[in-house]
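Mapping the sequence shown onto the numbering used here, position 106 (from 1) lands on 249, and the numbers just tick up by one.
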Amino acid sequence: MRQSRSSPLSSSFVAASLSALTPVLNHIFLIVLNMMRTAVGRHFGLMVGESRTSGAQALQQMIESVTQKIPRVTFPHNLLVKYRNSFQMGGRRRGEELCDAMLQAVAFYELLIKQNRLECVQ
Numbered sequence: 144m145r146q147s148r149s150s151p152l153s154s155s156f157v158a159a160s161l162s163a164l165t166p167v168l169n170h171i172f173l174i175v176l177n178m179m180r181t182a183v184g185r186h187f188g189l190m191v192g193e194s195r196t197s198g199a200q201a202l203q204q205m206i207e208s209v210t211q212k213i214p215r216v217t218f219p220h221n222l223l224v225k226y227r228n229s230f231q232m233g234g235r236r237r238g239e240e241l242c243d244a245m246l247q248a249v250a251f252y253e254l255l256i257k258q259n260r261l262e263c264v265q
């Protein structure tokens, strides 16, 4: 009897398939939202004409604002120390993509909070 060995690709595929099927099998319906890169750029004032500039400086300012009395965003200290260098541009860790992802998350959250406040006022 031959014993088959599982390759990392096949185990990753199985894990991804299970995570995709779990909500369906449990009758949980997820809503996927998307925010365009230009919308994030407008939210943070990164647009120059029709082009979006890098968000690295905006993210760096957010990270530095943690020390202010009322920061724009708060980061857990241990995660801030651990991932601070991950957002450096030109590194092999794809800093620009990480900046974009973080800015997208913050913009989405801020717009969601703003919308909720407007609904509460009305």
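For glycine and all other residues, C-beta sits at the position ideal for the given N, C-alpha and C.
The structure displayed is predicted, hence computed values, not measured ones.
Beta-carbon proximity of residue 251 to residue 179, cut-off 8 angstroms: Counting from 1 along the sequence shown, the entry for residue 251 is found at position 108. Counting from 1 along the sequence shown, the entry for residue 179 is found at position 36. Not closer than 8 angstroms, so no.
Delimiting residues of the alpha helix (DSSP H) encompassing residue 221: Here residue 221 corresponds to residue number 78 of the sequence shown, with the count starting at 1. 220-226 is the span of the alpha helix (DSSP H), which, as asked, contains residue 221.
Pairwise C-alpha distance: residue 164 and residue 198: Counting from 1 along the sequence shown, the entry for residue 198 is found at position 55. Counting from 1 along the sequence shown, the entry for residue 164 is found at position 21. Taking the straight line joining both Cα atoms gives about 35 angstroms.
CB contact flag (residue 246, residue 187, <8 angstroms): Taking the first residue of the sequence shown as 1, we reach residue 246 at position 103. Taking the first residue of the sequence shown as 1, we reach residue 187 at position 44. In this structure, residue 187 lies closer than 8 angstroms to residue 246 by Cβ.
Cβ shell of residue 202 (< 8 angstroms), same chain only, five flanking positions each side left out: Along the sequence shown, read from residue 1 onward, the residue named residue 202 stands at position 59. Closer than 8 angstroms at Cβ, skipping near neighbours: 230, 242, 245 and 246.
Status (buried if at least 16 other CB within 10 Å, exposed otherwise) for residue 189: Position 46 of the sequence shown holds residue 189. Residue 189 comes out buried.
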